[in-house]
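Beneath this line is the structure, given in structure tokens, with notes to follow.
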Ligand SMILES: [Zn+2]
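Residue numbers (this note's numbering): 654 to 887.
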């Protein structure tokens with residue numbers, strides 16, 4: 654497990670720093686938390702009994718040249734920023750500061766992983782403490798990034814709304830039609846318009862809405878096919 658405050662005091666050797674050049678072009682991807690029960694949690698470690706918070710895992714896949722971030726549920730914006738900070742330190746030569754565990758999976762080949770910890774006292778002062786939710790929806794504009802959970806609007810990590818990259822705007826932005834879906838729900842059509850429309854613009858809006866309706870139906874049919882197909886592999 655990696656204590657983030659100690660990690661950034663590591664001084665890499667010249668050869669470690671040179672070797673780390675290789676990490677510069679590795680991809681960074683987000684893994685959706687697969688185990689519903691894996692929440693951020695406090696843990697007492699260290700000789701003074703200080704408390705630390707497990708915020709997630711960082712995985713490195715040398716064969717895919719990829720870092721994968723596996724956030725725990727409840728991890729916030731600044732936790733994520735710390736994980737990106739850890740990747741920056743690795744890219745600057747601090748690979749050796751991390752007590753990596755090695756794992757071999759048949760599907761992915763060998764990978765390394767470590768659980769990242771932050772001091773709880775430091776985390777309590779986070780300004781941006783709204784949880785973030787990793788996006789694994791391929792059609793979403795935030796795919797492989799994260800959604801902010803709008804707690805003030807009553808949102809939870811279970812009712813995240815994915816917005817498709819496919820949007821239709823009317824002339825002079827008179828309307829905006831988007832495809833959205835809640836986690837595990839079907840694609841739906843959202844429309845915003847604040848204008849009074851001429852009859853010919855209404856015809857054009859209806860046309861755009863029909864287009865998006867067909868898009869949503871197609872995606873939902875594909876989604877159902879994926880689910881049926883997925884059952885055999887599960
Ligand atoms: Zn999304």
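C-beta atoms are modelled at their ideal positions from N, C-alpha and C, and glycine is treated no differently.
- Is residue 868 near ligand 1, going by C-beta to nearest heavy atom under 6 Å? no
- Query: Relative to ligand 1, is the shortest distance from any of its heavy atoms to the C-beta of residue 815 smaller than 6 Å?
  - Reply: yes
- If you count every other CB in all the chains shown that lies within 10 Å of the CB of residue 834, and 16 or more means buried, which is it? buried
- Task: Could you pull out every residue in the same chain whose Cβ sits closer than 7 Å to the Cβ of residue 697, ignoring the five residues on either side in sequence?
- Result: 704
- Inside the segment 726 to 764 only - beta strand (DSSP E) runs reaching at least 3 residues: 754 to 758
- Query: What is the residue span of the alpha helix (DSSP H) that residue 776 lies within?
  - Reply: 773 to 776
- Assign residue 712 to one of two classes, buried (16 or more other C-beta atoms within 10 Å of its C-beta) or exposed (fewer than that). buried
- Item | C-alpha distance - residue 717 paired with residue 854, whole-angstrom precision | 50 Å
- Report the rounded CA-to-CA distance for residue 887 versus residue 670, giving the unit in angstroms. Low local confidence applies: a pLDDT of 32 at residue 887 is under 50, so the model's placement there is unreliable, and no value is given.
- Straight-line CA distance for residue 815 to residue 870? 16 Å
- Using the Cα positions of residue 749 and residue 799, report the straight-line distance between them to the nearest angstrom. 28 Å
- Taking all protein chains shown into account, do 16 or more other C-beta atoms lie within 10 angstroms of the C-beta of residue 787, making it buried, or fewer, making it exposed? buried
- Leaving out five residues before and five after residue 719 in sequence, what residues of the same chain have Cβ atoms less than 8 Å from its Cβ? 679, 680, 681, 682 and 713
- Compute the minimum distance between the beta carbon of residue 790 and the heavy atoms of ligand 1, and state whether it is under 6 Å. Under cutoff, so the answer is yes.
- Item | Contact set for residue 782: own chain, Cβ-Cβ below 6 Å, skip 5 residues either direction | 729
- Query: Which residue from 850, 675 and 760 puts its Cα closest to that of residue 741?
  - Reply: 675
- Query: How far does the beta strand (DSSP E) with residue 669 in it reach, from first residue to last?
  - Reply: Residue 669 -> not in any beta strand (DSSP E); alpha helix (DSSP H) instead, spanning 667 to 672.
- Residues in its own chain within less than 7 Å of residue 779 by CB, not counting five upstream and five downstream? 729 and 731
- Query: Cβ of residue 795 within 6 Å of any heavy atom in ligand 1?
  - Reply: yes
- How big is the Cα-Cα spacing for residue 759 and residue 766? Taking the straight line from one Cα to the other gives about 16 Å.
- Item | residue 846 - containing beta strand (DSSP E), residue span | Going by DSSP, residue 846 is part of the beta strand (DSSP E) stretching over 841 to 846.
- Would you identify the three-state DSSP class for residue 664, choosing helix, strand or coil? coil
- Minimum C-alpha distance to residue 874 - residue among 846, 841, 862 and 850: 841
- Item | Residue environment, residue 764, which counts as buried when at least 16 other CB atoms sit within 10 Å | buried
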